[in-house]
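As structure tokens, the structure follows; a few thoughts come after it.
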Amino acid sequence: MNTIERIMVVIDANEDYSNAPDGLPVELRKALRLIKDKYSAEIKLISVGYERYLSHSFRSIGYDYTVLRKDYCDRLTQTMEELVAGLKGDGYKISCEVGWAHPRYEMIVKMAVEFSADVLIQHCRAYAKLVHHHLTHDSWLGIARFRYCLSRM
């Protein structure tokens with residue numbers, strides 16, 4: 002593989018990226034550095050949402066969790082679209098997708114395989130306030146599953 006043309010970037014769409022120098026997440030900035038020709042490369046920006054209080058297992062009376070989950074995912078999608086609007090205007094081919102899953106890594110791997118990603122970029126620090134020198138358990142499972150899927154292709 003001489004060129005990287007299909008890049009999948011996993012971000013936390015709930016995070017505030019306004020403090021970043023260009024307003025973009027570090028994962029997306031790294032993906033842009035890998036692109037040689039912005040007209041032939043394609044980036045898929047994904048975020049996988051999950052909130053325990055919106056899951057089926059959470060016990061509460063009177064809420065329509067399906068509608069609340071859809072609203073939650075729609076807000077994440079809108080945030081991601083606003084995030085990449087400037088890059089789309091510059092000619093980059095970027096699509097955004099939000100999924101709902103727990104554990105997250107299963108949906109991430111499924112989306113990466115369906116997209117036929119050449120590279121999957123995900124920031125390994127799930128909690129920005131804490132410094133982690135190692136990958137989180139979720140990140141390790143994602144790496145293991147993605148490598149297994151690629152080896153089976």
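Residue numbers for the sequence shown follow this note's numbering, beginning at 2 and rising by one.
Glycine included, C-beta positions come from ideal geometry on N, C-alpha and C.
In its own chain, which residues sit with a C-beta less than 8 Å from the C-beta of residue i, not counting the 5 before and 5 after it?
i, result
"Tyr18", "Gly24, Leu25, Pro26 and Leu84"
Could you name the residues of the same chain whose beta carbon sits closer than 7 Å to that of residue i, not counting the 5 residues immediately before and after it, in chain order?
i, result
"Met108", "Val49, Gly100 and Ala102"
"Glu6", "Ser41, Ala42, Glu43 and Asp119"
"Lys31", "Ile122"
"Gly92", "Lys39 and Tyr40"
Does any heavy atom of the ligand NAP sit closer than 7 Å to the C-beta of residue i?
i, result
"Pro26", "This structure lacks the ligand NAP; in fact it carries no ligand of any kind."
Apart from the five residues on each side of it in sequence, which residues of its chain come closer than 6 Å, Cβ to Cβ, to residue i?
i, result
"Ala14", "Ser48, Leu77, Thr80 and Met81"
"Met9", "Lys45, Ala113, Phe116, Ala118 and Leu121"
Which residues does DSSP pair with residue i in a beta bridge?
i, result
"Val120", "Ile8"
"Gly24", "Beta-bridge pairing links Gly24 to no other residue."
"Leu46", "Val10 and Cys97"
In whole angstroms, what separates the C-alpha of residue i from that of residue j?
i, j, result
"Arg105", "Glu98", "14 Å"
"Asp75", "Lys37", "32 Å"
"Leu35", "Tyr66", "39 Å"
Would you say residue i faces chain C, with C-beta separation under 8 Å as the test?
i, result
"Glu98", "Of the chains in the structure shown, none is chain C; there is only one protein chain."
On the CB-based measure, 16 or more other CB atoms within 10 Å of its CB, does residue i come out buried or exposed?
i, result
"Val68", "exposed"
task: Please go through the region 83-117 and give each complete beta strand (DSSP E) segment of 3 or more residues, from N-terminal end onward.
output: Listed in chain order, they are 94-101.
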